[in-house]
Amino acid sequence: GLLADIVAAKLVLVNDLPGNFEEFNELPTNHLLTGAVFANSGEESEDLTVDPAILDIFSDTVPPTKKKVFIAMGSSGHKRDLVQAIAAVNSSNYHVVALVPPSLGTIDDIKKEVEALSIHQSLS
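For the sequence shown, our numbering begins at 11 and goes up steadily by one.
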């Protein structure tokens, strides 16, 4: 059908860490595991500086007392989905780092919505 033709691809790039796919014997022949994909302009910029607190969370020197979670919605993400994803893992068991593009609001807006949703869920 038309939908299958739209989403079908001759080549599917899987942008994830290889360790997440160890349980699979093999991916379909049209799937390529690329590993994580990062953008780098090659120039130092304040926009490219990673917050030291984030570097600490993902460094190997921090004891693994909490699971590390990175959440990003991509360019087609919706604010509601981002808030729900963060709220789902927003507990003392996880270190959560969420990429919040300007199109979805400010980090403070997202934090307020996550807090409101978390309070609502705990009351339900």
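The beta carbon of each residue, even a glycine, is placed where N, CA and C say it ideally should be.
All values derive from a computational prediction rather than experimental measurement.
Can you grab the Cα-Cα spacing for the pair residue i / residue j, in whole Å?
i: residue 114; j: residue 59; result: 21 Å
i: residue 110; j: residue 116; result: 7 Å
i: residue 66; j: residue 76; result: 13 Å
i: residue 120; j: residue 89; result: 8 Å
So which of the options has the shortest CA-CA distance to residue i?
i: residue 21; options: 89, 30 and 39; result: 39
i: residue 42; options: 127, 24 and 19; result: 24
i: residue 124; options: 79, 104, 91 and 37; result: 91
Under the three-state reduction of DSSP, which class applies to residue i: helix, strand or coil?
i: residue 43; result: strand
i: residue 65; result: helix
Any contact between the stretch 86-104 and the stretch 59-70? By contact I mean 3 or more CB pairs, one from each, below 8 Å.
Under the three-pair Cβ rule at 8 Å, the stretch 86-104 does not count as touching the stretch 59-70.
In chain order, each beta strand (DSSP E) run of at least 3 residues that lies wholly inside the stretch 83-126:
Unbroken beta strand (DSSP E) runs of no fewer than 3 residues, entirely contained in the stretch 83-126, are found at 104-108, following chain order.
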